[in-house]
């Protein structure tokens, strides 16, 4: 018996473990792209990226979802300290692809002051945005 017989399997085993760890890292990366705690925000990140490119923003952030309405705020950093934003919610993304913009200027007063509905912004009605609307029209109408 030679000493190499005992060491060779150990060396090849470590090489195999390194290969498996590399494969594991690739699989974990793929899984992280497939699953998100907030899949709607992943969709809104794509929208925010397209808007940021179109309006030549320095950067953007997607905040949320928050509240009972699961609303998200897309914020765009412009020159200096100026920012533009739009608040959105899922709507019927899985159906016809539409989503909602929240009309923060309108207050329906459906929910009384200090109620859960009022605190969660449910007095501000959603406006359905058609998936057929152009990006330019969306920006002009809703990104303030």
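Numbering (the numbering used here), first residue to last: 91 to 234.
Backbone N, C-alpha and C define an ideal beta-carbon position, used for all residues, glycine too.
What's the gap between the Cα of residue 117 and the Cα of residue 180?
-> Straight-line spacing of the CA atoms in residue 117 and residue 180 works out to 29 Å.
Select from 141, 198, 163 the residue whose C-alpha is nearest the C-alpha of residue 230.
-> The option with the nearest alpha carbon to residue 230 is 141.
With a CB to CB cut of under 7 Å and the five nearest residues on each side skipped, what residues in its chain are close to residue 186?
-> In the same chain as residue 186, and ignoring 5 residues on each side of it, the C-beta atoms closer than 7 Å to its own belong to 221, in chain order.
Please report how far the alpha carbon of residue 106 lies from the alpha carbon of residue 112, in whole angstroms.
-> Near 10 Å, if we compare the C-alpha coordinates of residue 112 and residue 106.
If residue 145 and residue 166 are in contact, beta carbons under 8 Å, what's the gap, nearest whole angstrom?
-> Contact flag correct, Cβ pair sits at about 6 Å.
Proximity of residue 171 and residue 161 at Cβ, strictly below 8 Å = No, Cβ-Cβ distance for residue 171 and residue 161 is not below 8 Å.
Identified DSSP bridge partners for residue 202 | DSSP lists no partner for residue 202.
Three-state secondary structure (DSSP) of residue 136 | Per DSSP, reduced to three states, the secondary structure at residue 136 is helical.
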